[in-house]
Amino acid sequence: MKKIAVAILLLSSYCNAQTADGFALASTNVWEAEYPRVDSSGRPEFRIKAPSAAAVNPLSPAEIFGSR
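Per the working numbering, the sequence shown starts with residue 52, numbered consecutively.
Okay, here's the thing in structure tokens:
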């Protein structure tokens, strides 16, 4: 009985709660990682750590894959 209680306690502490902005942790996250998060429509939210970067300029899909 004690083993079952411990197992329930451990499993209940690992739940994917949704945040106020509608994003939840991705099911593929490594243990206790905050990001990436995914909303109900499948859009991802992630963070990039670049402490010494002066600017970040993301590329458009056309710049990555070329226009067709």
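Heads up, the beta-carbon is just placed ideally off N, CA and C, and yes, glycines get one too. As the structure is a prediction and not an experimental result, all values here were calculated from the model.
Membership of E114 in the alpha helix (DSSP H) is indicated by the continuous run 112-116. Ranked by how close their Cα comes to the Cα of R98, the residues G73, P87, D72, E83 have P87 in first place. Burial of V89 is indicated by the presence of at least 16 other C-beta atoms within 10 angstroms of its C-beta. Its Cα nearest to that of N80, the residue E96 stands out among E96, K54, D72, S91. Rounded to the nearest whole angstrom, the CA to CA distance from W82 to P112 is 30 Å.
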